[in-house]
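Peer 1: These protein sequence lines are chains A and B, in that order.
So the first sequence is numbered by the UniProt record's numbering: it starts at 1 and just counts up by one.
So the second sequence is numbered by the UniProt record's numbering: it starts at 1 and just counts up by one.
2 protein chains.
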Amino acid sequence: MDRFSLPIARIGIIGGGQLGRMMAKAAKRIGCTCVVLDPQPGSPAAQIAGQQIVGHYHDPAKLRELADACDVLTFDIEDIGTETLVELEQEGHAIYPAPGVLALIQDKLTQKQALEAAGIPTAPFVPMPEPTPEAFAAFGYPLVQKARRGGYDGRGVSIIKRPEDFDRHLPVPSLVERFVPARKEVAVLVARGRDGDCRCYPPVEMCFRAGENVLDMLLAPAAIDDSEAEAARALAVRTVEALGGVGVFGVEMFLAEDGSLLVNEVAPRTHNSGHHTIEACVTDQFEQHLRAVVGLPLGSTDQLVPAAMINLLGAPGYRGRPVIRGMAEALAIPGVCVHLYGKATTSPFRKMGHVTVLDTDIEQAREKALRVRELIEITGEEQA
Amino acid sequence: MDRFSLPIARIGIIGGGQLGRMMAKAAKRIGCTCVVLDPQPGSPAAQIAGQQIVGHYHDPAKLRELADACDVLTFDIEDIGTETLVELEQEGHAIYPAPGVLALIQDKLTQKQALEAAGIPTAPFVPMPEPTPEAFAAFGYPLVQKARRGGYDGRGVSIIKRPEDFDRHLPVPSLVERFVPARKEVAVLVARGRDGDCRCYPPVEMCFRAGENVLDMLLAPAAIDDSEAEAARALAVRTVEALGGVGVFGVEMFLAEDGSLLVNEVAPRTHNSGHHTIEACVTDQFEQHLRAVVGLPLGSTDQLVPAAMINLLGAPGYRGRPVIRGMAEALAIPGVCVHLYGKATTSPFRKMGHVTVLDTDIEQAREKALRVRELIEITGEEQA
Numbered sequence: 001m002d003r004f005s006l007p008i009a010r011i012g013i014i015g016g017g018q019l020g021r022m023m024a025k026a027a028k029r030i031g032c033t034c035v036v037l038d039p040q041p042g043s044p045a046a047q048i049a050g051q052q053i054v055g056h057y058h059d060p061a062k063l064r065e066l067a068d069a070c071d072v073l074t075f076d077i078e079d080i081g082t083e084t085l086v087e088l089e090q091e092g093h094a095i096y097p098a099p100g101v102l103a104l105i106q107d108k109l110t111q112k113q114a115l116e117a118a119g120i121p122t123a124p125f126v127p128m129p130e131p132t133p134e135a136f137a138a139f140g141y142p143l144v145q146k147a148r149r150g151g152y153d154g155r156g157v158s159i160i161k162r163p164e165d166f167d168r169h170l171p172v173p174s175l176v177e178r179f180v181p182a183r184k185e186v187a188v189l190v191a192r193g194r195d196g197d198c199r200c201y202p203p204v205e206m207c208f209r210a211g212e213n214v215l216d217m218l219l220a221p222a223a224i225d226d227s228e229a230e231a232a233r234a235l236a237v238r239t240v241e242a243l244g245g246v247g248v249f250g251v252e253m254f255l256a257e258d259g260s261l262l263v264n265e266v267a268p269r270t271h272n273s274g275h276h277t278i279e280a281c282v283t284d285q286f287e288q289h290l291r292a293v294v295g296l297p298l299g300s301t302d303q304l305v306p307a308a309m310i311n312l313l314g315a316p317g318y319r320g321r322p323v324i325r326g327m328a329e330a331l332a333i334p335g336v337c338v339h340l341y342g343k344a345t346t347s348p349f350r351k352m353g354h355v356t357v358l359d360t361d362i363e364q365a366r367e368k369a370l371r372v373r374e375l376i377e378i379t380g381e382e383q384a
Numbered sequence: 001m002d003r004f005s006l007p008i009a010r011i012g013i014i015g016g017g018q019l020g021r022m023m024a025k026a027a028k029r030i031g032c033t034c035v036v037l038d039p040q041p042g043s044p045a046a047q048i049a050g051q052q053i054v055g056h057y058h059d060p061a062k063l064r065e066l067a068d069a070c071d072v073l074t075f076d077i078e079d080i081g082t083e084t085l086v087e088l089e090q091e092g093h094a095i096y097p098a099p100g101v102l103a104l105i106q107d108k109l110t111q112k113q114a115l116e117a118a119g120i121p122t123a124p125f126v127p128m129p130e131p132t133p134e135a136f137a138a139f140g141y142p143l144v145q146k147a148r149r150g151g152y153d154g155r156g157v158s159i160i161k162r163p164e165d166f167d168r169h170l171p172v173p174s175l176v177e178r179f180v181p182a183r184k185e186v187a188v189l190v191a192r193g194r195d196g197d198c199r200c201y202p203p204v205e206m207c208f209r210a211g212e213n214v215l216d217m218l219l220a221p222a223a224i225d226d227s228e229a230e231a232a233r234a235l236a237v238r239t240v241e242a243l244g245g246v247g248v249f250g251v252e253m254f255l256a257e258d259g260s261l262l263v264n265e266v267a268p269r270t271h272n273s274g275h276h277t278i279e280a281c282v283t284d285q286f287e288q289h290l291r292a293v294v295g296l297p298l299g300s301t302d303q304l305v306p307a308a309m310i311n312l313l314g315a316p317g318y319r320g321r322p323v324i325r326g327m328a329e330a331l332a333i334p335g336v337c338v339h340l341y342g343k344a345t346t347s348p349f350r351k352m353g354h355v356t357v358l359d360t361d362i363e364q365a366r367e368k369a370l371r372v373r374e375l376i377e378i379t380g381e382e383q384a
């Protein structure tokens with residue numbers, strides 16, 4: 001019989017954003033404590049965790065201080081210097097996902113190469129250390145350029161459809177891949193335990209605004225055939241197993257017109273496409289991640305009710321103390337669950353919160369989410 | 001259109017136990033901040049809230065300090081001196097439920113009298129300022145003696161079936177009421193907004209161990225006829241409206257053999273019988289309470305999936321730092337959601353956490369909950 005003196009584990013979270021915040025809530029629920037490492041005092045995660053080391057994710061001394069204060073380290077961001085983490089792991093600190101896995105994934109070129117080596121279908125690609133018009137032309141249009149490092153939320157990705165788009169290219173070491181005319185983009189969250197046990201959430205559909213790479217709305221479950229959903233789940237599990245990941249991973253995929261699936265990219269962490277799991281699934285992605293990294297059994301990924309999710313972004317033109325309009329009106333709609341992240345200031349397009357809408361009819365959930373997006377606006381007390 | 005600078009409201013929570021803890025989580029989610037008043041530093045609620053005034057609920061200076069730091073006051077316990085709260089309310093502080101409602105309810109005699117005056121069916125009763133064998137005999141057996149003040153979790157209640165049971169009586173000002181041979185005990189959570197809007201959760205069934213007054217297991221929804229459930233909801237709403245309550249109230253009832261309902265007692269706060277709402281309902285009781293007291297619209301009370309809930313009590317014979325056994329084994333059961341309260345020390349029968357089990361089949365949920373109760377034991381590092 002298992003036996004723990006409380007706390008079950010002291011968890012160090014590198015990065016104090018909204019993912020860490022929701023993780024810290026789950027951690028306290030299952031009897032763990034948290035320490036957050038983030039440069040911003042009073043970070044969203046630290047507001048729940050109650051303990052923060054103020055410092056940068058790249059600072060070896062701060063990372064070491066965090067490791068010494070905790071039983072296990074994990075992260076809510078990808079852009080972490082992994083050298084220190086590798087050292088800490090070699091010294092015996094538990095770090096999940098493993099620093100080697102993080103390093104592999106955070107470089108989109110090595111990520112793609114690893115997926116290819118494992119036989120995971122992805123869009124054809126070539127490395128492009130120095131983007132030039134000639135190199136783009138040699139690969140052929142339309143193409144997608146991805147910066148090797150530092151991209152997130154659509155940053156670090158540029159769609160180049162023709163030679164004249166070259167002024168939109170990113171002047172950094174990159175890869176280019178074939179543009180995939182996808183029927184839908186889906187994401188599958190996979191949790192993998194320290195013992196290799198894998199659990200998969202039902203695939204969700206990511207809707208993007210035309211011409212933008214930022215997630216516009218998420219529908220869960222995705223409106224795809226059962227056989228496509230089954231194939232997506234199987235591919236996501238194969239992907240995470242191939243990478244040797246421990247924890248929750250977001251696997252983003254293209255569903256092509258012919259029904260085939262290509263892995264677009266992998267996030268080695270809890271994911272925006274899984275926020276609905278808090279209300280809609282038996283075990284939410286944050287508790288699931290912690291169960292995985294602490295070494296507890298994984299929970300049920302069953303979804304209880306359809307959901308639509310939108311992010312609440314800071315309105316352009318504003319900074320400073322956030323001001324929210326329309327929240328009461330939105331809360332009056334049945335099934336609307338508002339999550340605000342406690343960020344002290346807003347800025348244009350900053351993720352300030354999200355809304356999950358539950359409804360037994362997913363089309364109703366989608367319509368309510370559209371209405372919420374019209375109602376809620378987050379501005380600031382200062383002009384940007 | 002509504003408009004709030006964040007935070008939406010600064011909420012003062014009198015009492016820093018598990019109810020305050022779960023309330024603080026909900027508060028942060030909807031953009032509120034919390035300050036907790038509790039004599040124990042690092043109380044369960046303060047671990048989430050991050051801000052605590054260390055002091056007693058009866059201390060006028062501390063209550064005033066809390067009121068000055070917050071936009072609205074509420075509480076997670078009933079045993080509060082209401083004199084200061086009445087003064088603060090008169091000075092213009094927002095306090096919900098209103099101090100007058102709390103005062104009325106926390107004295108079980110005035111609570112019963114108010115219910116009777118409002119035509120709410122309850123067991124016949126008489127005041128009993130000084131319990132004596134003669135007074136008990138005059139009322140007749142079997143009877144239930146209830147202390148006017150300070151009872152909770154079965155304390156302050158004694159069932160006296162015959163004259164020889166007099167040694168189990170409580171030597172305090174009381175009421176006695178007719179013992180009701182109930183078919184079931186049910187509870188209905190009611191949320192009532194500042195605008196009078198009322199929402200009711202589906203009735204739940206409270207199962208007690210034979211001979212004890214402590215809740216053993218909760219089943220949601222209760223296995224009762226639809227007409228009985230409808231009657232229970234209507235009676236609960238009438239009860240809270242009669243009391244003029246704002247916030248979430250737990251209304252406990254007896255369902256007699258003949259299908260009639262009697263209100264047993266009312267809790268002017270979020271309630272142990274509503275913990276399953278966190279996972280099983282669209283809007284959980286804690287967010288619902290906060291929406292009510294802040295003046296936001298109430299949310300949907302729909303239940304998405306059946307649930308069984310058990311409390312995790314400190315095992316007899318132990319004190320000190322809590323030690324939990326069997327948690328990993330319990331988490332391996334699909335649908336098991338563990339909530340630990342972060343209490344620094346255990347003691348016999350102290351509420352250390354709870355477990356909600358979700359299952360599409362409530363009988364399965366019940367059986368899993370029984371299994372979890374066998375698996376999980378919370379002892380301590382010291383012998384009691």
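Built from N, CA and C at the ideal position, the CB exists for glycine as well.
Quantities reported herein were computed from a predicted structural model and do not represent experimental measurements.
So, using beta-carbon positions, are P127(B) and P268(B) closer together than 7 Å?
Peer 2: In this structure, P268(B) does not lie closer than 7 Å to P127(B) by Cβ.
Peer 1: What residue does the alpha helix (DSSP H) around Q113(B) start on, and which one ends it?
Peer 2: Note, Q113(B): alpha helix (DSSP H), 108-117.
Peer 1: Using a Cβ-Cβ distance under 7 Å, would R149(A) count as near chain B?
Peer 2: Chain B, which has no Cβ nearer than 7 Å to the Cβ of R149(A), makes this no.
Peer 1: Would you call K343(B) buried or exposed, if buried means 16 or more other Cβ atoms sit within 10 Å of its Cβ?
Peer 2: Under this definition K343(B) is a buried residue.
Peer 1: Who are the neighbours of R47(B) on chain A, taking C-beta pairs under 7 Å?
Peer 2: Rather than Arg, the amino acid found at residue 47(B) in this sequence is Gln. Here the neighbours are K28, G50.
Peer 1: In angstroms with no decimal places, state the Cα-to-Cα distance between R21(B) and L37(B).
Peer 2: Approximately 12 Å between the Cα atoms of the pair.
Peer 1: For the alpha helix (DSSP H) that contains T82(A), what are its first and last residues?
Peer 2: Per DSSP, T82(A) belongs to the alpha helix (DSSP H) from 82-90.
Peer 1: Rounded to whole angstroms, what's the CA-CA distance from L219(A) to V204(A)? Just pull it up for me.
Peer 2: When rounded, the distance between both Cα atoms is 6 Å.
Peer 1: Between V180(A) and the rest of its own chain, which residues show a CB-CB distance below 7 Å, the 5 nearest in sequence each way excluded?
Peer 2: A123, F254, A256, L262.
Peer 1: Along the chain, where does the beta strand (DSSP E) containing G12(A) start, and where does it finish?
Peer 2: 10-14 is the span of the beta strand (DSSP E), which, as asked, contains G12(A).
Peer 1: Thinking C-alpha only, which one of D195(B), E382(B), G250(B), P131(B) is nearest D165(B)?
Peer 2: Measuring from the Cα of D165(B), the nearest candidate turns out to be P131(B).
Peer 1: Output the residue ranges of the beta strand (DSSP E) runs that lie fully inside the region 131-162 of chain A and measure 3 residues or longer, sorted by chain position.
Peer 2: Entirely contained in the region 131-162 of chain A, the beta strand (DSSP E) runs reaching 3 residues are, in chain order, 143-147, 157-160.
Peer 1: Residues of chain A with CB closer than 8 Å to the CB of G193(B), please, in chain order.
Peer 2: Residues of chain A passing the Cβ test: none, with the nearest at roughly 11 Å.
Peer 1: Pull up the distance between the alpha-carbon of Q90(B) and that of P99(B), whole angstroms please.
Peer 2: Near 10 Å, if we compare the C-alpha coordinates of P99(B) and Q90(B).
Peer 1: I'd like the list of long-range same chain contacts for A332(B), defined as Cβ closer than 7 Å, with 5 residues on each side in sequence excluded.
Peer 2: Here the set comprises nothing.
Peer 1: Among the residues of its own chain, which have a CB less than 6 Å from the CB of I48(B), if the five just before and after it don't count?
Peer 2: Around I48(B): R21, A24, K25.
Peer 1: Return no unless some Cβ of chain B is closer than 7 Å to the Cβ of L170(A).
Peer 2: With 7 Å as the cut-off, L170(A) does not count as an interface residue toward chain B.
Peer 1: Can you round the beta-carbon distance between E185(B) and E252(B) to whole angstroms, since I take them to be within the 8 Å contact cut?
Peer 2: Yes, they are in contact, since the Cβ atoms of E185(B) and E252(B) sit about 7 Å apart, within 8 Å.
Peer 1: By how many angstroms is the C-alpha of R233(B) removed from the C-alpha of G250(B)?
Peer 2: One C-alpha to the other measures close to 11 Å.
Peer 1: I'd like the list of long-range same chain contacts for P7(A), defined as Cβ closer than 7 Å, with 5 residues on each side in sequence excluded.
Peer 2: Taken in chain order, the residues that qualify are G31, C32, T33.
Peer 1: Between the region 298-313 of chain B and the region 364-372 of chain B, are three or more C-beta pairs nearer than 8 Å?
Peer 2: Yes, since at least three Cβ pairs between the region 298-313 of chain B and the region 364-372 of chain B fall closer than 8 Å, the two stretches touch.
Peer 1: Rounded to whole angstroms, what's the CA-CA distance from H339(A) to D258(A)? Just pull it up for me.
Peer 2: Whole-angstrom Cα-Cα distance: 37 Å.
Peer 1: Could you tell me if F208(A) is buried or exposed, where buried requires 16 or more neighbouring beta carbons within 10 angstroms of its beta carbon?
Peer 2: F208(A) should be labelled exposed.
Peer 1: Going along chain B, which residues have a C-beta under 8 Å from D2(A)?
Peer 2: Correct list: R325, G326, M327, A328, E329.
Peer 1: Spatial neighbours of A69(B) within its chain, please: C-beta separation below 6 Å, excluding the five flanking residues on both sides.
Peer 2: Taken in chain order, the residues that qualify are V35.
Peer 1: Along the region 298-317 of chain A, what residues have a CB closer than 7 Å to any CB found in chain B?
Peer 2: From the region 298-317 of chain A, only G299, S300, L304, V305 have a Cβ closer than 7 Å to chain B.
Peer 1: Would you call the region 56-68 of chain A in contact with the region 77-89 of chain A, where contact means no fewer than 3 C-beta pairs closer than 8 Å?
Peer 2: Contact between the region 56-68 of chain A and the region 77-89 of chain A is present, because at least three Cβ pairs lie under 8 Å.
Peer 1: Considering just the uninterrupted stretch of the alpha helix (DSSP H) at D258(B), what are its terminal residues?
Peer 2: Looking at the DSSP string, D258(B) is not in any alpha helix (DSSP H), and its letter there is neither H nor E.
Peer 1: Do you know how far the Cα of R238(A) is from the Cα of K112(A)?
Peer 2: C-alpha separation (whole angstroms): 14 Å.
Peer 1: List the residues of chain A that R321(B) touches, going by C-beta distances under 9 Å, in chain order.
Peer 2: Per Cβ cutoff of 9 Å: S5, L6.
Peer 1: Going by C-alpha distance, which of A46(B), A117(B), A236(B), R350(B) is nearest P316(B)?
Peer 2: Among A46(B), A117(B), A236(B), R350(B), the Cα nearest to that of P316(B) is on R350(B).
Peer 1: Mapping DSSP to helix, strand and coil, what is I362(B)?
Peer 2: The answer is helix: DSSP assigns I362(B) an H, G or I state.
Peer 1: If contacts are defined as beta-carbon pairs under 8 Å, then Q303(A) and C281(A) qualify, I think. What distance do you get, rounded to the angstrom?
Peer 2: That belief holds up - the Cβ atoms of Q303(A) and C281(A) are roughly 5 Å apart, short of 8 Å.
Peer 1: Using alpha carbons as the reference points, say which of R192(A), R321(A), F139(A) lies closest to A384(A).
Peer 2: Taking only the C-alpha atoms, the option nearest A384(A) is R321(A).
Peer 1: With a CB to CB cut of under 6 Å and the five nearest residues on each side skipped, what residues in its chain are close to E382(B)?
Peer 2: Excluding sequence neighbours, E382(B) sits near R319, G320.
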